[in-house]
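Structure, as structure tokens:
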DNA sequence: GCGGCAAGTTACCGGTCGGTAACATTCTTG
DNA sequence: CAAGAATGTTACCGACCGGTAACTTGCCGC
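Chains as they are written, first to last, in our numbering: chain A, 3 to 204; chain B, 3 to 204.
Here's what the structure looks like:
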């Protein structure tokens, strides 16, 4: 149950040093994603960022708020990724979903992947009033909304059902990634998505 | 990022008092499942169990080992559940999977559910040498194996593909449960499973 | 009643947690 | 160069972390 120790984060003085706040934030994002939120303390973050605790508390009001920022960052990057993957197939929702799943599989199977940071946060953050909870909830709600919208656009027989099923496939992949090296069942996600869409006449 | 405080666990002296070890273990299981593993300290457990830290360390070698026991307990209960659900449809793998998903949906949608304790542990426990990791990995591997075996038994066109897809659906449901009150997309899992099996000619 | 054991009590250990005060240094910019 | 902002340093806070020692109390069967 050990936590990330302040000393062990590779090297404690990264070459570039733009504004401390950014260094701290980038470091925190990586550590939170790789080791989990609860496992990473302020000391570990500031040490890995080559700075000190005071500099941290001059830039962030609290750890919880930093966590919320981390999740907002993950959220916006996710939608950047989504829009980028979807863009080449404008107006062809079926191809958009296929592209999404293809990208999802290759992304999730890469060895650096630790699944979805926001999904992981859903596990770690239980307190209803944690500033990060709202970010997670709205993120996952938007995923559901978009999958359902895509299912509508491709004129599926039961779009809500199809949209939710596609979401389950994707989320399941995130979870599977955490136990299977290289992803395991994740590899089947694209074909499964195709099969579901076929069955819905889309 | 608050943790479960030793004081706030409803009442600190449960009526029945069979052997302390059991009281501690049951309490720990519930707290771990409800609040997460890292969020629950030894103090919180022993207080909620109406005992003290020394009694804990007389029964368990360490917290990590308790966590591993908790996961083993979840694992064996899961297979008890699985076998029970599957039993009435011996020899009819298609019906067995349907029964599994029906039970999975109703279980996961219940308001006490916090998804799959073992999947949650996969998120929280990152250390490769934690005694709980092996339990999680073997649990998820066995799920995959069984789904694939069921797909073979129902003579699916591509049994490995179908088995993995079914697993993704189920795992996705566990994750969705954590952000959507009452489960959200989980409700679509059964129909999605049926659709996939139909498409595989099973 | 007495021995033995299970359980409770109290105090303690070093270490880490998130967070802060006061002060010294360096960097940037006018 | 000087002023002011940004950053670093050190020490500290109370609380909690997982874990332990020494001793006392309660309960059981013989």
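Note that the Cβ used here is the ideal one computed from N, Cα and C, for glycine as well.
| Check | Outcome |
| --- | --- |
| Over the uninterrupted alpha helix (DSSP H) stretch that includes residue 163 (chain B), give me the two end residues. | 161 to 179 |
| What residues in its chain sit with their C-beta under 8 Å from that of residue 74 (chain B), if we drop five residues either side in the sequence? | 137 |
| Give the interface partners of residue 152 (chain A) over in chain B, defined as CB-CB distance under 9 Å, in chain order. | Per Cβ cutoff of 9 Å: no residues; residue 152 (chain A) is ~14 Å from chain B at best. |
| Going straight from the alpha carbon of residue 14 (chain B) to that of residue 43 (chain B), what length do you get? | In this prediction, residue 14 (chain B) scores a pLDDT of 36, lower than 50, which makes its location untrustworthy; the coordinate-derived value is nonetheless stated afterwards. Distance between the alpha carbons of residue 14 (chain B) and residue 43 (chain B): 15 Å. |
| Closest to residue 103 (chain A) by C-alpha separation, out of A:160, A:189, A:184 and A:31, would be which residue? | A:189 |
| At the level of alpha carbons, what is the spacing between residue 191 (chain B) and residue 116 (chain B)? | 17 Å |
| Cβ of residue 70 (chain B) within 8 Å of Cβ of residue 119 (chain B)? | no |
| From the beta carbon of residue 88 (chain A), is the nearest beta carbon of chain B less than 8 Å away? | no |
| List the endpoints of the continuous alpha helix (DSSP H) containing residue 183 (chain A). | First-last for residue 183 (chain A): undefined, no H or E at that position. |
| Assuming residue 1 (chain A) is part of the alpha helix (DSSP H), what are its boundary residues? | Residue 1 (chain A) lies beyond the residue range present for chain A, which begins at 3 and ends at 204; the question has no answer from this structure. |
| Whose Cβ in chain B lies nearer than 7 Å to the Cβ of residue 187 (chain A)? | 146, 166, 169 and 170 |
| Is the distance from the Cβ of residue 126 (chain B) to the Cβ of residue 39 (chain B) below 8 Å? | yes |
| Between A:155, A:106, A:81 and A:32, which lies nearest to residue 173 (chain A) when the distance is taken from Cα to Cα? | A:106 |
| What ranges does the alpha helix (DSSP H) occupy inside the region 12 to 87 of chain A, keeping only unbroken runs of at least 4 residues that lie completely in it? | 22 to 37, 44 to 50 and 55 to 61 |
| May I have the straight-line CA-CA distance separating residue 12 (chain B) from residue 50 (chain B), to the nearest angstrom? | Residue placement at residue 12 (chain B) cannot be trusted, given a pLDDT of 39 that sits under 50; what the coordinates show is reported in the next sentence. For residue 12 (chain B) and residue 50 (chain B), the distance between alpha carbons rounds to 8 Å. |
| For residue 91 (chain B), tell me which candidate among B:155, B:187 and B:175 has the shortest Cα-Cα distance. | B:155 |
| Using a beta-carbon distance cut-off of less than 7 Å, what residues from the region 30 to 51 of chain B approach chain A? | 37, 38, 40 and 41 |
| Under 8 Å, with one C-beta from each stretch per pair, do the region 19 to 28 of chain A and the region 54 to 68 of chain A reach the 3-pair mark? | yes |
| Does residue 177 (chain B) get closer than 8 Å to chain A when you measure Cβ to Cβ? | yes |
| Please name the residue, chosen from A:121, A:110 and A:86, that lies closest to residue 143 (chain A) on a Cα-to-Cα basis. | A:121 |
| Within the continuous alpha helix (DSSP H) that includes residue 188 (chain B), where are the two ends? | Here residue 188 (chain B) belongs to no alpha helix (DSSP H), and DSSP marks it neither H nor E. |
| With a 10 Å radius around its C-beta and 16 neighbouring C-beta atoms as the bar for buried, classify residue 187 (chain A) as buried or exposed. | buried |
| At least one CB of chain B closer than 8 Å to the CB of residue 198 (chain A): is that the case? | yes |
| Going by the CB atoms, is the gap between residue 141 (chain A) and residue 77 (chain A) shorter than 8 Å? | yes |
| Does DSSP classify residue 196 (chain B) as helix, strand or coil? | helix |
| In the DSSP assignment, find the alpha helix (DSSP H) that holds residue 96 (chain B) and state where it starts and stops. | 95 to 111 |
| Quick check: residue 194 (chain B) and residue 198 (chain A), are their CB atoms within less than 8 Å of each other? | yes |
| Could you tell me whether any Cβ in chain A is nearer than 8 Å to the Cβ of residue 109 (chain B)? | no |
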